[in-house]
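Residue numbers (the numbering used here), protein chains in the order written: chain Z, 1332 to 1724; chain L, -9 to 252. Have a look at the structure below, then the notes.
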Ligand SMILES: Cc1ncc(COP(=O)(O)O)c(C=O)c1O
């Protein structure tokens, strides 16, 4: 099986670049140059240097002893929560800001839902002295006030998206419109493995450092590079793509993505795209989408603002279709329980998104001799209000 | 097709000042579609683009976004639109084009969509998120089988080589976007890229061009007509539909304002 993107930007039947003509020059430039740039010696040097000294990589692969005891198996946590800015999102923004500089762009735009990608983008823009504009659904601006303030302090302009339902999907629409209106000096830093080719592959390449490190670190821990399984939460799918990437070809490693079921996959308030969606085109890529019979996009729901996206990266649609990966879902309630469990067993407060991956531990039968790696994509600071309200501390 | 496509007939019989108007089907009210088309024709409009509303119109500015949201709330869908257009050809002669995004068309079924277009008398399609390469590989044969002209866009940033490819793949007209933007931006003549229009005119393309995006009044319309066979008006027309007078009155006042100097 082949899990790499092909020349035209497809994973199997998914992906491509369904872009309006106005975006053609920018996308074509990226398609033609991204490989050569990100594989160049200078780029690799800068990327690796910043990941080490600025982001704090490698992030630890931590053997969670008490969690392992509870589940009667061996569970390792890949600690992306310990990265600068608190999640895996910074791996991608470091890569893309270096790319934008190589392309001589002067102005950076981004979309954000929970604000994690917005903060990670504002951070690298401050670092590089680049102008930064972040689009964020007006509703999310209200819900995620601390991250909005962080972005502003970092020097970014935060523009509330007032169209549609005023969340992540609408922020993405606005960012694309900005790019259409500013065709010459702007680079769009997409926050996940979504959007037109080459974004899904490019963002995967930047996040692939996660599984590259897991292999080396696992070898140190247990003397072999390959675990029984890897589990990651899936919104657009970037942390999962990064955690899966170097295991894709080794079919003995089970790959599990966990979608946000919100209030349940049988309700309308859910974001379980692969479980409920159909093939379609949104944000310039063909993938699985939550949509009506008429092809209108349905607004998803999840307690975690980072997972309520109505689409999913084309790589995951392909892994789903070919059954190379399995996709489970977890409800808000299951997620909150698992977040509390990790907090009290290991002293680690996870992001709500990452707690979806933890919730999957209850849904599979773990054997004593198995090794499971859970990608802990981010920390829970941003979610404290939700936790405190729910648990009543 | 037994008869020649109405788009080609139009461009053969009229070489300049072609006025094309866009509206969003289902806006302001669900069942205004036929009335709007008939009234536009009565007032001398040459070509009509019927917008199929989509929840996420990334190439559109606020006015068309808003009309799309309202239209969807009103219950508009492709299925409904074809019902409304069933007997439109009994009263309307000018070319009709459907404009919209790919996803609703895919869900309707691309071949079924083309078949229906032919049945009700649609002459062409504008699908901004269907790029040239995908069109050629997956859609062109089907569109041609049902006599549908696919209208492709060019912008000031489009290279000469690509303009020539687009010209080669087109058989109705080329939609020349005035400046790279979403719909409805700007209305100053100075915003036009005169250099770009002249450059494209010198390429001696086989297809005629209409200029669109940002045309909102007589001045911008007349200016655009200097550089192409005519122009396309969208947002300004959709906005004009908001007024509190009869739909027919709104349309005739608007067309008059565009065609005649103040
Ligand atoms: C901590 C964390 N994990 C996961 C996600 C989901 O994104 P992706 O599926 O691209 O990893 C987000 C998005 O905001 C996030 O902040």
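Glycine is no exception: its CB is placed at the ideal position from the N, C-alpha and C atoms. All values reported here derive from a predicted model rather than from experimental measurement.
| Asked | Found |
| --- | --- |
| Extent of the continuous alpha helix (DSSP H) run through residue 23(L) | 23 to 32 |
| beta-carbon residue 55(L) near ligand 1 non-hydrogen atom, thresh 7 Å | no |
| The segment 156 to 175 of chain L contacting the segment 221 to 230 of chain L, beta-carbon criterion three pairs below 8 Å | yes |
| Validate contact between the segment 1526 to 1534 of chain Z and the segment 1555 to 1562 of chain Z using beta carbons, cut 8 Å, 3 pairs | no |
| DSSP bridge partner residues for residue 221(L) (one or two, in chain order) | 9(L) and 201(L) |
| Neighbour flag for residue 97(L) against chain Z, beta carbons, 8 Å | yes |
| Spatial distance of residue 1616(Z) from residue 1566(Z) (CA atoms) | 15 Å |
| Minimum Cβ-Cβ distance from residue 73(L) to chain Z less than 8 Å | no |
| Chain L contacts from the segment 1507 to 1522 of chain Z (Cβ-Cβ distance under 7 Å) | 1507, 1508, 1511, 1512 and 1514 |
| Burial state of residue 1372(Z) (16 or more Cβ within 10 Å) | exposed |
| Which of helix, strand or coil DSSP assigns to residue 1618(Z) | strand |
| Contact check, residue 1489(Z) vs residue 1467(Z), beta carbons under 8 Å | yes |
| Neighbour list for residue 119(L) in chain Z, Cβ cutoff strictly below 8 Å | 1349, 1350, 1351, 1612 and 1615 |
| Where residue 1573(Z) falls: helix, strand or coil (DSSP) | helix |
| Beta carbon of residue 121(L) nearer than 8 Å to that of residue 1348(Z) | yes |
| Alpha helix (DSSP H) runs contained entirely in the segment 1630 to 1672 of chain Z, provided each spans 4 or more residues | 1645 to 1652 |
| Closest Cα partner of residue 1483(Z) within the set 1497(Z), 1408(Z) and 1457(Z) | 1457(Z) |
| Backbone secondary structure at residue 179(L) - three-state DSSP | Here residue 179(L) scores only 45 on pLDDT, less than 50, and its place in the model is too uncertain to base an answer on. |
| Distance CB(residue 1426(Z))-CB(residue 1537(Z)) smaller than 8 Å | yes |
| Contact list for the segment 86 to 114 of chain L against chain Z, Cβ threshold 9 Å | 91, 92, 93, 94, 95, 96, 97 and 98 |
| Check whether residue 1713(Z) and residue 1663(Z) have beta carbons under 8 Å apart | no |
| Reduced DSSP secondary structure (H/G/I, E/B, other) of residue 1557(Z) | coil |
| Alpha-carbon spacing of residue 1722(Z) relative to residue 1668(Z), whole angstroms | 10 Å |
| Interface flag, residue 151(L) vs chain Z, CB-CB below 8 Å | no |
| Per-residue contacts from residue 1624(Z) into chain L (C-beta, under 8 Å) | 97 |
| Per-residue DSSP class, three states only, for residue 1341(Z) | strand |
| DSSP three-state assignment for residue 54(L), whether helix, strand or coil | helix |
| 7 Å Cβ shell around residue 1592(Z) - same chain, five flanking residues per side excluded | 1601, 1603, 1660, 1661 and 1662 |
| Proximal residues to residue 1461(Z) (C-beta, below 6 Å), its chain only, five neighbours per side dropped | 1439 |
| Euclidean distance between Cα positions of residue 1563(Z) and residue 1479(Z) | 26 Å |
| Distance cut-off 7 Å: residue 1564(Z) Cβ against heavy atoms of ligand 1 | yes |
| Exposure label - residue 54(L); buried when at least 16 CB within 10 Å | buried |
| Cα-Cα separation, residue 1711(Z) to residue 1633(Z) | 16 Å |
| 8 Å Cβ shell around residue 1609(Z) - same chain, five flanking residues per side excluded | 1619, 1620 and 1622 |
| Residue 1684(Z) CB to nearest heavy atom of ligand 1 below 7 Å | yes |
| Cα-Cα separation between residue 1412(Z) and residue 1577(Z), rounded to whole angstroms | 20 Å |
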